[in-house]
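Enquirer: Quick one: the structure is below, and I'll ask about it shortly.
2 protein chains.
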Amino acid sequence: MKRTESTRQRILDSALQLFNASGTASVSTNHVAAEAGLSVGNLYYHYKSKQQIIRALFDQNEAEVLSALAPPSDRPLNIDDLELMMKANFQILWKYRFLYRELVALLIEDPELATSFRDLRHRGFSNFERLLQFFAASGVLRPIEDPEELSRLTHLCWLISEFYISYVESGLGLLQTVEGEGWQEKGLALLRHVIEPYLPPDPESP
Amino acid sequence: MKRTESTRQRILDSALQLFNASGTASVSTNHVAAEAGLSVGNLYYHYKSKQQIIRALFDQNEAEVLSALAPPSDRPLNIDDLELMMKANFQILWKYRFLYRELVALLIEDPELATSFRDLRHRGFSNFERLLQFFAASGVLRPIEDPEELSRLTHLCWLISEFYISYVESGLGLLQTVEGEGWQEKGLALLRHVIEPYLPPDPESP
DNA sequence: GTCTATATCGCGATAGAC
DNA sequence: GTCTATCGCGATATAGAC
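If you read the protein sequences in the order shown, they are chains W and S.
Residue 50 in our numbering sits at position 50 of the first sequence; the count goes up by one each step and never skips.
Positions in the second sequence are counted from 1; adding 1000 to them yields our numbering.
If you want it as structure tokens, here you go:
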């Protein structure tokens, strides 16, 4: 409706870029305004605080995550869907990496954000657990009787997805996978590694 | 030698406590000095900047990690040693959790710290990989031929150890494991879950 | 070593003209 | 909606007395 969204969006884009590059602590609203090519006053006209900008970025992230992880619903799921979802998820996590990188600190500093995040995560976790359960029940994965084991597997996938990028950024991965996209493939490999023991026994293995 | 260490240590203790509780961004040198019961001037006499304090805490952490992960050397290693090391490691990670929680941001803000950290991690990673290799070679774990697979398993264990606490702190785990120590046991369970497929086939399973 | 000022700076946020 | 100007504050860091 309003064309004011254009400016709002430019603020978010600039903030996202700077936060990803330098972290939220060292990026001030001044920097964001400069990067976006507007005055501080104007920035504050659109967002009444730095926290509001971060929240808006979180909301954007939330929308993208939910849409990327929504199952096709009109078509039976297969194992490739799982792989595709994980891939799409990595893209989004990378786009908003500052959020996950500083996650706990951001949540401590903004209880309201903490509530939103925990809500999102809770829903996402349940969905993913159901998805794995569905795969196990439909033969894509081998059956998982113990609910504790299912829960552990879900937590494991979730933890890896959420923090793999921070793990890479924090150094070791970077040194070894200098190539631009290699990190993503390696992350997927870790997820596959965790899933692998649950693939159904293959009758024709060498 | 000098009793100045007492004050220096009090500064570090106070800083550690506050950083863990509120994050480095919202804790100022003023707060640290107040918590330690000294003047700001005195604090700056001992550490010339906030970054220096963080570095000192990192060094402390490094020393504890290295000593906790040093193998007995005079005694053959067994699988319980692995479990004990992981447990000790969790304790240390918890003690210095702000470091890992804000890891990437801290490394971006302080390139010198980044160098130290990457060096430590590189050494730690190699050691741990060798340890797993040793277990695989000596029958504690089943043989792992593919070096890529060994590397993946090592990365996996490392990633889980390093970020599990942030994962818990960021919410989901907290809601489910309200009990004070349960989180640690659950973390170990995740690590065991990853190791389990590599345990040697047990002749007398039900 | 420790304290009490104090200097300096930049940040978040607002007021008011256009 | 956008700008310029500015206020108030708290943070880092230093100077100098004790």
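For every residue, glycine included, the Cβ atom is placed at its ideal position computed from N, Cα and C.
Would you tell me roughly how many angstroms separate the C-alpha atoms of Pro206/W and Trp1158/S, rounded to the nearest one?
Expert: In the first sequence, counting from the first residue as 1, residue 206/W sits at position 206. In the second sequence, counting from the first residue as 1, residue 1158/S sits at position 158. Confidence at Pro206/W is low in this model, with a pLDDT of 49, below 50, so its placement is unreliable and the value that follows should be read with caution. Whole-angstrom Cα-Cα distance: 32 Å.
Enquirer: Could you tell me if Ile79/W is buried or exposed, where buried requires 16 or more neighbouring beta carbons within 10 angstroms of its beta carbon?
Expert: Indexing the first sequence from 1 puts residue 79/W at position 79. Per the 10 Å Cβ criterion, exposed.
Enquirer: Kindly indicate which three-state DSSP category Gly1171/S falls into: helix, strand or coil?
Expert: Taking the first residue of the second sequence as position 1, residue 1171/S is located at position 171. The answer is coil: DSSP assigns Gly1171/S none of H, G, I, E or B.
Enquirer: Determine whether the Cβ of Ala137/W lies closer than 7 Å to any Cβ atom of chain S.
Expert: In the first sequence, residue 137/W corresponds to position 137, counting from 1. For Ala137/W, the answer is no, since every Cβ of chain S falls outside 7 Å of its Cβ.
Enquirer: For Ser112/W, which residues in chain S fall below 9 Å Cβ to Cβ?
Expert: In the first sequence, the residue the question calls residue 112/W occupies position 112. Ser is not the amino acid found at residue 112/W; the sequence shown has Glu there. Residues of chain S passing the Cβ test: none, with the nearest at roughly 14 Å.
Enquirer: Pull up the distance between the alpha-carbon of Arg1118/S and that of Val65/W, whole angstroms please.
Expert: Residue 1118/S sits at position 118 when you count from the first residue of the second sequence. Residue 65/W sits at position 65 when you count from the first residue of the first sequence. So the two alpha carbons sit approximately 31 Å from each other.
Enquirer: Could you tell me if Leu1052/S is buried or exposed, where buried requires 16 or more neighbouring beta carbons within 10 angstroms of its beta carbon?
Expert: As a first step, residue 1052/S is located in the second sequence; it is residue number 52 there, counting from the start. Just to set this straight, residue 1052/S is Gln in the shown sequence, not Leu. Answer is exposed; the Cβ neighbour count stays below 16.
Enquirer: Report all residues from its chain with a CB closer than 8 Å to the CB of Asp1201/S; omit the five preceding and five following residues, and keep chain order.
Expert: Within the second sequence, residue 1201/S is the residue found at index 201, counting from 1. Residue identity check: residue 1201/S is Pro in the sequence provided, not Asp. Excluding positions up to five away in sequence, the list reads Arg1142.
Enquirer: Which same chain residues end up closer than 6 Å to Met1001/S when comparing Cβ atoms and leaving out the 5 residues on each side of it in sequence?
Expert: Mapped onto the second sequence, residue 1001/S falls at position 1. Confidence at Met1001/S is low in this model, with a pLDDT of 47, below 50, so the placement of that residue is unreliable and no value is reported for it.
Enquirer: Take Glu181/W as the anchor and find which of Glu145/W, Ile160/W, Trp94/W, Leu77/W has the nearest alpha-carbon.
Expert: Mapped onto the first sequence, residue 181/W falls at position 181. Nearest option by C-alpha distance: Trp94/W.
Enquirer: Quick check on Tyr1167/S - is its C-beta less than 7 Å from some C-beta in chain W?
Expert: Numbered from 1 along the second sequence, position 167 holds the residue referred to as residue 1167/S. It does; some Cβ of chain W falls within 7 Å.
Enquirer: With H, G and I counted as helix, E and B as strand and the rest as coil, what does DSSP make of Leu190/W?
Expert: Position 190 of the first sequence, counted from the first residue, corresponds to residue 190/W. It is helical.
Enquirer: Examine the Cβ distances between the segment 4 to 15 of chain W and the segment 73 to 93 of chain W and report whether three or more of them are shorter than 8 Å.
Expert: Output reads no: the segment 73 to 93 of chain W does not touch the segment 4 to 15 of chain W.
Enquirer: I'd like the list of long-range same chain contacts for Leu150/W, defined as Cβ closer than 7 Å, with 5 residues on each side in sequence excluded.
Expert: Mapped onto the first sequence, residue 150/W falls at position 150. So the qualifying residues of the chain are Glu129, Leu132, Gln133, Ile144.
Enquirer: Of all Cβ atoms in chain S, is any one closer than 7 Å to the Cβ of Ala105/W?
Expert: Here residue 105/W refers to the residue found at position 105 of the first sequence. Yes - at least one Cβ of chain S is within 7 Å of the one on Ala105/W.
Enquirer: For the segment 1022 to 1031 of chain S and the segment 181 to 201 of chain W, state whether three or more C-beta atom pairs, one from each stretch, are separated by less than 8 Å.
Expert: No, the segment 1022 to 1031 of chain S does not touch the segment 181 to 201 of chain W.
Enquirer: Would Glu35/W pass as an interface residue toward chain S - the criterion being a Cβ-Cβ separation below 7 Å?
Expert: Translated into positions along the first sequence, residue 35/W becomes position 35. It does not: the Cβ of Glu35/W has no partner Cβ on chain S nearer than 7 Å.
Enquirer: DSSP three-state call for Pro206/W: helix, strand or coil?
Expert: As a working note, residue 206/W is residue 206 in the first sequence. The predicted position of Pro206/W is uncertain, since its pLDDT is 49 and thus under 50; no value can be drawn from it.
Enquirer: Given Thr1004/S, which residues of its chain have a CB within under 6 Å of its CB, disregarding the five upstream and five downstream residues?
Expert: Position 4 of the second sequence holds residue 1004/S. Low confidence applies here, because Thr1004/S scores a pLDDT of 48, under 50, leaving its location unreliable; read the following figure in that light. Nothing meets the Cβ criterion.
Enquirer: Between Ser161/W and Asn89/W, which are expected to be in contact by the criterion C-beta below 8 Å, what is the C-beta distance as a whole number of angstroms?
Expert: Walking along the first sequence from the start, residue 161/W turns up at place 161. Walking along the first sequence from the start, residue 89/W turns up at place 89. Yes, they are in contact, since the Cβ atoms of Ser161/W and Asn89/W sit about 6 Å apart, within 8 Å.
Enquirer: Over what stretch of residues does the alpha helix (DSSP H) that includes Gly1041/S continue unbroken?
Expert: Translated into positions along the second sequence, residue 1041/S becomes position 41. Unbroken alpha helix (DSSP H) run through Gly1041/S: 1040 to 1046.
Enquirer: Just to confirm, is the Cβ distance from Glu1062/S to Leu1120/S under 7 Å?
Expert: Taking the second sequence and counting its residues from 1, the one referred to as residue 1062/S is at position 62. Taking the second sequence and counting its residues from 1, the one referred to as residue 1120/S is at position 120. Yes, they are a contact pair.
Enquirer: Is it true that the CB of His1193/S sits closer than 7 Å to the CB of Ile152/W?
Expert: As a first step, residue 152/W is located in the first sequence; it is residue number 152 there, counting from the start. As a first step, residue 1193/S is located in the second sequence; it is residue number 193 there, counting from the start. Residue identity differs from the one stated: residue 152/W is Arg in this sequence, not Ile. In contact: Arg152/W and His1193/S (Cβ atoms closer than 7 Å).
Enquirer: Under 7 Å, do Glu169/W and Val1104/S count as touching if we go by C-beta distance?
Expert: Position 169 of the first sequence, counted from the first residue, corresponds to residue 169/W. Position 104 of the second sequence, counted from the first residue, corresponds to residue 1104/S. Contact flag set, yes.
Enquirer: Could you list which residues in chain W have their beta carbon closer than 7 Å to that of Leu1159/S, in chain order?
Expert: Counted from its first residue, the second sequence places residue 1159/S at position 159. Chain W residues near Leu1159/S: Ile160, Phe163, Tyr164, Tyr167.
Enquirer: When you compare the CB positions of Leu1057/S and Glu1035/S, do they come within less than 7 Å of one another, or not?
Expert: Start at 1 with the first residue of the second sequence, and residue 1057/S comes out as number 57. Start at 1 with the first residue of the second sequence, and residue 1035/S comes out as number 35. Contact flag unset, no.
Enquirer: Alpha helix (DSSP H) containing Arg118/W: first to last residue?
Expert: Here residue 118/W refers to the residue found at position 118 when the first sequence is read from its first residue. Taken as a continuous stretch (DSSP letters only), the alpha helix (DSSP H) holding Arg118/W covers 111 to 138.
Enquirer: When the Cα atoms are used, what is the spatial distance from Pro1076/S to Ala1189/S?
Expert: Numbered from its first residue, the second sequence carries residue 1076/S at position 76. Numbered from its first residue, the second sequence carries residue 1189/S at position 189. Each residue's alpha carbon lies about 25 Å from the other.
Enquirer: With DSSP as the reference, label Val1027/S as helix, strand or coil.
Expert: Taking the first residue of the second sequence as position 1, residue 1027/S is located at position 27. Note: Val1027/S maps to coil in three-state DSSP.
Enquirer: Report yes if the CB atom of Phe1125/S is closer than 7 Å to the CB atom of Phe163/W, and no otherwise.
Expert: Taking the first residue of the second sequence as position 1, residue 1125/S is located at position 125. Taking the first residue of the first sequence as position 1, residue 163/W is located at position 163. It is not a contact, given that the beta carbons lie outside the stated cut-off.
Enquirer: Could you name each continuous alpha helix (DSSP H) segment of 4 residues or more that falls completely within the segment 42 to 86 of chain W, going from the start of the chain to the end?
Expert: Counting only runs of 4 or more, we get 50 to 69.
Enquirer: Buried or exposed, going by whether 16 or more other CB atoms sit within 10 Å of the CB of Tyr45/W?
Expert: The count along the first sequence starts at 1 and reaches residue 45/W at position 45. So Tyr45/W ends up on the exposed side.
Enquirer: Would you mind working out which of Tyr96/W, Ala70/W, Ala25/W sits nearest Asp13/W, comparing C-alpha positions?
Expert: Within the first sequence, residue 13/W is the residue found at index 13, counting from 1. Residue Tyr96/W is the option with its Cα nearest to Asp13/W.
Enquirer: If we cut at 7 Å on Cβ distances, does Pro206/W have a partner in chain S?
Expert: The residue given as residue 206/W occupies position 206 in the first sequence. With a pLDDT of only 49 at Pro206/W, under 50, the local geometry of the prediction cannot be trusted, and the value read off the model is given with reservation. No, because no Cβ of chain S sits closer than 7 Å to the Cβ of Pro206/W.
Enquirer: Please state whether the Cβ-Cβ distance between Leu113/W and Arg55/W is less than 7 Å.
Expert: By one-based count along the first sequence, residue 113/W stands at place 113. By one-based count along the first sequence, residue 55/W stands at place 55. Taking 7 Å as the Cβ cut-off, Leu113/W and Arg55/W qualify as a contacting pair.
Enquirer: Identify the contact partners of Phe117/W in chain S, using a Cβ-Cβ distance below 8 Å as the criterion.
Expert: Here the question's residue 117/W lines up with position 117 in the first sequence. Neighbours of Phe117/W on chain S, chain order: Ser1170, Gly1171.
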